[in-house]
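Student: Here it is, the structure in full.
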Amino acid sequence: MLEPVSNKQPQDEAVLQVQGLDVDIRTPKGTVRVVSNVGFSARRGKTLALLGESGCGKSMTAKAIAGLLDPVASVAGGKAYLDSRDLFSMNGKQRRAVAGEGLGIVFQDALAALNPVYTIGTQLGEAFRIHRGASKKQAKSEAIELMRRVGIPEPETRVNSYPHQFSGGMRQRILIAMAVALSPKLLIADEPTTALDVTVQAQIMQLLRNLRSEEQMAVVLITHDLAVVAEEADDVCVMYAGNVVEQGSVDTVFTQPTHPYTKGLLSSVPADAQRGEGLSSIPGSPPELSKIPAGCVYQDRCPLASAICREQRPALRETGPGQRSACHFAEQVSTMQSNDEAANGQDAH
Amino acid sequence: MSIETQTEPERTVLEVQDLAKTFHVASGSSGTRELKALDGINLSVKRGETLGLVGESGCGKSTLARTLMMLEQPDGGTVRFDGQDPFALRGKSLRAWRRRVQMVFQDPFASLNARMTAGQIITEPFATHKDLYPTAAARKQRLKELLELVGLRATDADKSPQEFSGGQRQRIGIARALSLGPDLIILDEPVSALDLSVQAQVLNLLNDLQQQLGVSYIFISHDLSVVRHVTDRVAVMYLGRIIETGSTEQVFESPLHPYTASLMSASPKLDPALRPKNRIVLQGELPSPLDPPSGCRFRTRCWKAQPICSVERPDSRVRAADGTISLGMPSVSRSEEQQIAECHFPVQSAAEAGLAVSA
Amino acid sequence: MLTYLRKRIIASALPLVVVIIGVFALARMTGNPAALYLPLNATETMREEFAARNGLDQPLLVQMAQYFGGIFRLDFGTSMRTGQDAAEMALRAFPATLQLAGTTMAIAILLAIVVGSAAAMKPNGILDRCSSFLSMTAASIPDFWLAIVGIWVFAITLGWVPTSGVAGAAAWFLPVATLVMRPFGTLVQVIRGAMVSALSEPYIKLARSKGATEYRVIGKHALRNAAAPGLTVAGDLTVGLVNGAVVVETIFGWPGIGKLMIDSILQRDFAVLQACVLLTAVAIFILNILIDLGYALLDPRVRPSAGARKRRKARAAQGPTQGSEQHTPQLAAASMAADSTRGN
Amino acid sequence: MASLEQAASAAKAAKGKDGRVSMFTMLLRDRFATVAAVFLVLVVLTAIFGPAVMGERATAQNLMFMNKAPFDPANGWLYILGSDSLGRSMLARMVVATQTTLLVAVPAVLVALIVGSLWGVWAGYHRGRREAVSMRIADIIMSFPSLLLAVVVLFVFSPSAANIVLILAITRIPIYLRTARAESAELQSRTFVDAARTFGTKPNAIILRHVIPVVTPTLLTLATLEFCFVMLAESSLSFLGIGIQPPDVSWGLMVAQGRQYLQTAWWLSILPGLAIVLTAVAANVLAAWMRIATDPAQRWRLELDRKSTKAFEKATRQAAKMQAKKGND
Amino acid sequence: GCSVANSEEAASGGSSAPSDTLRVVLQQEPPTLEACESNLTSTGVVIRSTITEPLIERNPTSGELEPKLATEWSSKDDKTWTLKLREGVKFHDGSEFTAADAVATIDRAVNSKLGCNVEGYVFGDDDLKLKEVDDYTVEVTAAKKDPILPLRLSFLEVVPEETSATEKVREPIGTGPYKLDDWQAGQSINASAYTDYWGEAPEFQKANYQWRSEGSVRAAMITSGEADIATGLSPEDNIGDLGVSYPNNETVALRMHADKAPFDDIRIRRAVNYAIDKESIVASLYGGRDKAAAQLVPSGVVGHSEDLPVWEYNAQKAKDLVAEAKAAGTDVSAPINLVVRTAQFPKIQELAQVIQEQLTQAGLTVNLKMLETSQHLTYQVRPFPTKEDGAIMLMTQHGNQAGDAAFTVDQYMTTKGAQSAFGTPELDKLIAQADAATGDDRQAAFEKVFKYQNDEVVQFAHIAHQTGMLGISQSVAYEPNSSSGDELRLAEVTAAK
Ligand SMILES: Nc1ncnc2c1ncn2[C@@H]1O[C@H](COP(=O)(O)OP(=O)(O)OP(=O)(O)O)[C@@H](O)[C@H]1O
Ligand SMILES: Nc1ncnc2c1ncn2[C@@H]1O[C@H](COP(=O)(O)OP(=O)(O)OP(=O)(O)O)[C@@H](O)[C@H]1O
Ligand SMILES: [Mg+2]
Ligand SMILES: [Mg+2]
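Protein chains in written order, with the numbering used here: chain A, 1 to 349; chain B, 350 to 708; chain C, 709 to 1052; chain D, 1053 to 1381; chain E, 1382 to 1878.
Listed below in structure tokens is the structure:
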């Protein structure tokens, strides 16, 4: 069984520890394991970024930790400790006690996540009413305070507005405010800035930074924007087809990726490519979750793949200080040619 | 750029002047209020060119696209497509025009009917344009071509949209837009739903198509790195107006408008070396389009705002080739190379634009 | 709000006039009422006198003009059958119907919310299956069965309640129990459906993520969102009841407007029929406005309402099922919104 | 793990080559829907062949054999459901009534469904004036006493099955009209409809291709609820003497006429009423099933078969237990 | 408040009702209580001889006329009648009953433009001449000789002179044993015993009328003790022993219109009579309470003949007659429309189907046409529909309230009678003779008329003389008679021993 990455750190640093998490989903085509043997930990006051292509199981992991999986999905194995309390063995009541106070979550879709029929004030204050037994009035003043904290102008009047009366950026901030209302130890933010423009994104990132430093909150940031990860995160955990393929500190992983997928991802960024040039992209597409091959999950798209990759699934192993990779050939990744040619060749077909 | 190799003089495919669109939205107890989603838009697209359209969410990008597609009726202004006003077309000629302009929608899920298969979706236009591929066999052949073109398998034709990933869905949308062989494709955030590696595939695909077929694109996105990569020219929108246009390089390297500058500055960079030293972080919220600020629309968030900004709507400033900025002269026909911005106090330097990199 | 009301009133005035004209003309197509009011051996002179007395000797258009002239003087004509003022008769019968309809709907809605919500908690579970079977049966049982069997069981065999009549609270039991079945059955299905879809919305997850109890999640977050389709259907069912629960009013001797209307049709008592239709049409129209207000109360997104055409423009801000015209009889729309996902 | 694989292979076995489950398999997956479908098929078969088989027996009166209670084998199979107030076989009459009932209720529902839905879809798609006028017309029909209409039509024309169908259809049109309009108004703002517009597709083609398939399940479910309503409405027309006329017989007519015997010979009214209720419930169950089966986002509920679902649950439970054990070690 | 308007005072239901109130449940609410409309069953059942009283009253059992507000009457020429009025009678408003009131009552009902129902029913277009001889004597003169004028007068309920002569009055002031207290429209009518009543005081201090249109509900109200008397029940209503049946004067018959084939052939009309098995209908459908009929009036009516034989049921003879007619060229397969009024009397639907079946057995083609009242009336009364797609056979229910066959035959059998499809000159002559006859002659003359119709005209196929059924609770005692359906004398009801 995997050990949490942060084992070397003082134990109290790790707010969240996830070990060997498996999540299954029922589909018409049978049961599918969408998250498989995922482990990571999030440290106090730091940001852990969960990276990976769309559909690789990032949101599932987050929901599993928060205990909010859809009815078709279920946790099939693994452990998650929040401050050394086992989240998966909790009953409903204990869960509810943890929710909000220990663990806040920001959902992917800000527009839909707010209840359209209640005022922002009511929804922001709800956590105080549930956990602190606050009166309506107290809850409202707490809500105003929260809104002020996340930088919403004129909170006293806006507190009575409804979600549809706010812009996307504001709604996203309100969701964050809601998640941090009770100063949880852990905040999971699932793509908090997709669909917002960069100026608003910058504002929100600023907000998360402040919260992190002020409240010593651990943040799990889910995104597929590598640039944001590079700028905001301390640690990164790269997922592929439900598995963790690489993890480590942002600096090392981004400068010295030791998994071909991470490397492929990094070279797909259009940032410095020139107009008209082909972008480097990883050839092929991720495996269907119901047909994950034995052996390495990345074998079909990997330039380094060889016989062993088809037979044996590589375990996550240390490849550098604080960096771990699930690749048989982790050492060769750095010397691997950028897959431009391969990509172009692939695209042309 | 690929098209430059062609000797044919550059032809303008689309010319938009003073396009305006107002929505009436219900508000308060007193009935409706006007929401100027488009407030005098001017732009042009040349053959084989990609025009980027960036701007804050809700600034009117999609509305512009929808109006150009005749899904919304504009309140004013003119649209010329190859010199023709599409809004004046009827019947056959309208259908012929429809064939030449297509759109890829923002949301790859919502724009595909979940009850149809990919094949049905892609060949749907042929039901209207029966003359294109009159026989079932021809249609099937074309479907195969299209699927191949966008990198899908022939067997995918029988799957329904929810069996595809976001990227694949977006490709279905692109295949559908291509099916009629259009001259101009409006791409409304075609890659925002995709992850990086798929995004790269789609962008490459679009690039290849442009090279092969010479189509023009209007490319709407708020991912600046993508815009920078794929477009020839960029128009920046703010609250229903285009506040700056210029070649991609000009706009990205030396923005004139403070809003453009803040966009460029705030854009996160993967490479720490490229990160600006002093980022511009805007204060305040995007004003409500129902109640836009007087004078310059950006003044409420602008760090350079002066009293005059609230009084007067700024005229366009033009940056000449030598770098000097002067008041734009509407009489002088605008050269495509010119960088134009609507601002009283345009940004003068990269440092002021918050783009200076700590070297 | 006032502009909105004014518009609604104007928009509804024309249909109201059309309804009256239609009723007026159609009623007179059902044959001469003279035979019903005169003895079988009445002579020709008596028939003529009768026609003259009731204005039936005039051409239809003249009769109609006179009728509308009368309406402006608030004179709705006189009943041929009882000789009373037609409007008075209709107005006297209406409260009884309204009270019955109101009570019935209140109970039906309450029960349906409880049962529907419980069923929605586990779609296709045992409870769901049972409640859907029961509600379907409730919605399709002939009402006079229930009425007569109810009298038999509760009034005669058990002696708990009076068989019929309007005296005392106990007298309400049977009529209400009989009437409640169809609205209850229909609403259970609608509310269950709406709840299923509401419970799969992201804001439910958000509420859970705050540590809200199931009770709070369902009762507060889901219910209010699921209420709109319920309101639509409840409105239509109420229209049905307001138009008169004929069978129940007949069997239980409930002095309501449904019975009055049927009697007027069968007795060709034109003035009373017209007064009844006018009254119920106005009531239905007010009900529709109330339903619109109900929407606004439930859902802030439709609150600043300003007519259908404009509202749709604001669709950016609105969910799919709220619109001015959308308080429709869409049992279905609702019940099915049930499981259908909005996403595709 | 083994059980998981088993479940997966069991699921696979039930599917066609393309991996999609056929409608028939999906029907079998839903036990209630299967029963409902079988029942409805029986009803339809009875309607088709019943009168030919039982016609004679349904009219044969026997005044000396009135109101005999059902389920008494001593009376012979023909009277297994009892005899009516004229000594006719209830069984035979119920069988013969099936045809008339369906011949009135089905066309009435269908006409209202088709006219109302097409009209509503059209109005909702085009919006604007067309929509407003249509809604006002619906308002008018809704606030019109339908019984008056019935009396007029049947007075001016004459009671016949066709006229009854006409009346029932007209008065129920607004229900579909309003539902279809609401759905269609919502659909016409969907992006895929916009996409179709950009190809120059004509409104009618869009309605046909994109709107109708989506609204159909909703409207069909509505129609099944209406089906029962129409059968009961027909019975109240019969009661006023303007419905189905003897010697024709429908369930509604039997219910209405049997009601005065409710206390002395309950079977006269309860049995045909039961037939109405069961048919309506069966139709509704089937419609609910169909709604799920045709909804791409819901279909999985039926594509998963019970066995594999159970196996899934069991396997996950076991896995969790094993994990727990491992964790403890 | 959550109660129906005005319901607070409505009589309380339940079995523990105070026993000084007599609770009656009727089939329908009276449209009005106007005295001059009292021949309408639903009006008359409430007011006649309970709230208002006539001058002369017919004994429903013996058929004899008896004094009520008039103590004696006589005429020398059958044209001018002199009535002596009762003294010491007080109206409910306290005023004295005098000749002026009697004159005003007759004048109002018969001579005015009010359009009273009773006028059309018993008097026709001709006016009566009235004279107030003294305070307690009135002279009434008919336009022509009228031997049954006293009988006609028995339909008039007396109201005070002050009663409006230009408008109908919904709540009359009468002289009867009960005084109208209040009428809660739609719910109930309450009356209380009139303390100054001239006759014997009724046993119940209060009376309360309600109405329910469902027979089974009325029956249930008796069983559950919510009402003491229920009218218009049928055996299916599950009333058990509490149902009391009585001959109600109503006769059911089929009227055949001879203007179309096959009824233009008397053989077919006879065949119809043979084909219908009246005895077994009466025995099975009506539980043996009704009596197979041979004529339109039941016993107790002047003119009813006990000796007239009921038409024999003979299916073979019916078939033979049809065959015979066919041979003679009659189109026996021409459709016959059996026109029936929905819910006119209990089991009418079944009766119609039996008749349809039996006639079909005889070889005729019969369509059943169930119609609501108003439509049915267009067939019942002249002018008859002409565009009918078949020969008309109307099922009619005739009740002779007056007790004299003249009220029947004039309408049903004369060539021009309002409800007569056809007639013959000979029959018309016989009827005219009977109308003018008095005493035993009158009886004999009418008997002749009925016999002649059965032998030579055959416009009617008589089915049955009906019986009505009242529900009477255990706490009261009442002996119904043939007019109980039209005139429920509450004063005759007593508390059960
Ligand atoms: N309700 C569901 N039913 C069936 N499959 C599901 C469901 N929810 C998620 N999945 C599948 O589970 C996998 C993981 O989904 P998840 O939402 O975790 O992806 P993600 O990494 O968050 O992607 P994105 O970046 O697009 O949000 C996907 O392949 C998805 O198709
Ligand atoms: N049908 C409509 N009715 C009313 N207002 C509308 C309508 N469509 C768009 N708007 C408004 O017009 C403005 C511009 O919207 P638009 O969708 O064009 O923005 P956008 O730039 O495409 O935003 P995004 O980046 O989020 O897609 C917004 O304020 C929006 O609320
Ligand atoms: Mg996600
Ligand atoms: Mg957009």
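No residue lacks a Cβ here, since even glycine has one placed at the ideal position from N, Cα and C.
Identify the contact partners of Thr988(C) in chain D, using a Cβ-Cβ distance below 9 angstroms as the criterion.
Tutor: Close partners of Thr988(C) in chain D (Cβ separation under 9 angstroms): Ser1195 and Pro1197.
Student: Alpha carbon to alpha carbon, what distance is there between Leu1271(D) and Ser1169(D)?
Tutor: 8 angstroms
Student: If the criterion is Cβ atoms closer than 8 angstroms, does the pair Ile965(C) and Thr946(C) meet it?
Tutor: no
Student: Measure from the C-beta of Phe1084(D) to each C-beta in chain C and report whether the shortest distance is under 8 angstroms.
Tutor: yes
Student: Return no unless some Cβ of chain B is closer than 8 angstroms to the Cβ of Val75(A).
Tutor: no
Student: Could one say the Cβ of Lys1768(E) lies closer than 8 angstroms to chain C's Cβ atoms, at least one of them?
Tutor: no
Student: Is the separation between the beta-carbon of Met1774(E) and that of Val1633(E) shorter than 8 angstroms?
Tutor: no
Student: Does any C-beta atom of chain D lie closer than 8 angstroms to the C-beta of Met889(C)?
Tutor: It does not; no Cβ of chain D falls within 8 angstroms.
Student: Which value, in whole angstroms, describes the spacing of the CA atoms of Val1598(E) and Met772(C)?
Tutor: Computed Cα separation, rounded: 40 angstroms.
Student: State yes or no: is the C-beta of Val1713(E) within less than 8 angstroms of the C-beta of Gly1744(E)?
Tutor: In this structure, Gly1744(E) lies closer than 8 angstroms to Val1713(E) by Cβ.
Student: Quick one: is Ile1554(E) buried, meaning 16 or more other Cβ sit within 10 Å of its Cβ, or exposed?
Tutor: buried
Student: Just to confirm, does Pro423(B) get its C-beta within under 7 angstroms of one of the non-hydrogen atoms of ligand 2?
Tutor: no
Student: According to the Cβ coordinates, are Ala1825(E) and Gln1814(E) closer than 8 angstroms?
Tutor: no
Student: Could you give the residue range of the alpha helix (DSSP H) that holds Met903(C)?
Tutor: Segment Phe881 to Leu907, the alpha helix (DSSP H) holding Met903(C).
Student: Could you tell me the alpha carbon to alpha carbon distance between Ile292(A) and Pro1348(D), rounded to whole angstroms?
Tutor: 24 angstroms
Student: Between the beta-carbon of Ile1437(E) and the beta-carbon of Trp1454(E), is there less than 8 angstroms?
Tutor: yes
Student: Out of curiosity, what's the CA-to-CA distance linking Lys1499(E) and Val1217(D)?
Tutor: First, the residue type needs correcting, since residue 1499(E) is Val and not Lys in the sequence shown. Cα to Cα, Val1499(E) sits roughly 42 angstroms from Val1217(D).
Student: Along the segment 76-100 of chain A, what residues have a CB closer than 7 angstroms to any CB found in chain C?
Tutor: Arg96, Ala97, Ala99 and Gly100
Student: Do Ile470(B) and Leu461(B) count as a contact pair if the criterion is CB distance below 8 angstroms?
Tutor: yes
Student: What does DSSP give as the partner residues of Ile247(A) in its beta bridges?
Tutor: A small fix is needed here, since residue 247(A) is Gln in this sequence, not Ile. Its beta-bridge partners are Cys237(A) and Arg324(A).
Student: So is the beta-carbon of Val374(B) under 7 angstroms away from any non-hydrogen atom of ligand 2?
Tutor: Within the chosen limit of 7 angstroms, ligand 2 reaches the beta carbon of Val374(B) through at least one heavy atom.
Student: Please classify Arg781(C): is it buried, with 16 or more other beta-carbons within 10 angstroms of its beta-carbon, or exposed?
Tutor: exposed
Student: Looking at Tyr1655(E) and Glu1595(E), is the spacing between their C-beta atoms short of 8 angstroms?
Tutor: no
Student: Here's the rule: buried if 16 or more other CB atoms are within 10 angstroms of the residue's CB, otherwise exposed. What is Phe1101(D)?
Tutor: exposed
Student: Do Val1682(E) and Arg1881(E) have their beta-carbon atoms positioned less than 8 angstroms apart in this structure?
Tutor: In the structure displayed, chain E extends from 1382 to 1878; residue 1881(E) sits before or after that span and is not available.
Student: Should Cys408(B) go down as buried or exposed, given a rule of 16 or more other Cβ atoms within 10 Å for buried?
Tutor: Under this definition Cys408(B) is a buried residue.
Student: Quick one: Cα of Ser1615(E) to Cα of Leu1666(E), how far?
Tutor: Going by the C-alpha atoms only, they are around 11 angstroms apart.
Student: Is Gly810(C) near Arg976(C), with beta carbons less than 8 angstroms apart?
Tutor: no
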